[in-house]
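Report on the structure given below.
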Amino acid sequence: MDDDTIIYKLAPTAEVDSDAWARRGEWMTFYKGTQTTNYIACHAKEALAGVAEASFAGRTDLMVLSFKAYHMQEEADLKIKIEAGEYQVTGGFIPYACLFCAPHLLTLDSDGKHVFPHLGPVSQGDAHVGVQDVDSDVSDDGMEAFDQHRFDEDD
């Protein structure tokens with residue numbers, strides 16, 4: 686697994702703290718899940734649609750969380766192994782400090798399928814069915830967007 690690997694967790698909104706993204710700078714807030722196994726199951730981007738269909742079909746309270754695997758392993762001391770096509774995270778809960786981007790509430794299309802936001806870089810030739818763009822400048826952390834020009838004027 687390389688340093689820029691992002692792994693994803695699908696979870697009902699009840700399992701995700703409403704202020705997870707705003708509190709990502711703290712190492713004391715975590716995604717805990719339901720813990721029905723001794724690991725937290727995460728997935729590759731390519732598997733999300735299938736997992737959503739098989740396990741969460743039609744649910745309107747489903748969120749996707751994106752975690753940086755490197756931070757999970759090196760900073761949070763979690764273990765990640767790939768087994769049966771999923772990432773199995775062991776060693777504790779996943780700190781929100783490992784989030785790659787804000788958790789995203791999924792919507793349903795007219796066929797009742799979950800619509801995923803853009804998850805990572807997309808090349809010009811990629812065709813993504815059921816993917817919507819999320820404005821990368823939008824932030825729900827309550828802070829004003831950084832303005833480099835205004836910053837430079839202070840010099």
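With the sequence shown counted from 1, adding 685 to any position gets you our numbering. Heads up, the beta-carbon is just placed ideally off N, CA and C, and yes, glycines get one too.
Short of 8 Å from the beta carbon of ARG708, and not among the five residues preceding or following it, lie these beta carbons of its own chain, in chain order: ASP702, THR714, TYR781. With respect to CYS786, PHE752 sits apart: the two C-beta atoms are not nearer than 7 Å. Contact between LEU747 and TYR693 does not hold, since their C-beta atoms are separated by about 12 Å, which reaches or exceeds 8 Å. Taking a contact to require three or more Cβ pairs closer than 8 Å, the stretch 763-779 and the stretch 794-801 do not qualify as touching. The continuous alpha helix (DSSP H) containing LEU733 extends over residues 733-741. When DSSP reads this structure, LEU784 sits in a beta bridge with PHE752. Of all alpha-carbon atoms in ILE765, GLY777, ALA742, LEU763, the one lying nearest the alpha-carbon of VAL800 is that of ALA742.
Put simply, the backbone Cα of TYR724 is about 13 Å away from that of ALA769. Looking at the backbone, the Cα of ALA737 and that of GLU731 are separated by about 11 Å. Sequence-distant partners of MET686 (beyond 5 residues in either direction) whose C-beta falls short of 6 Å from its own C-beta, in its chain, are ALA754.
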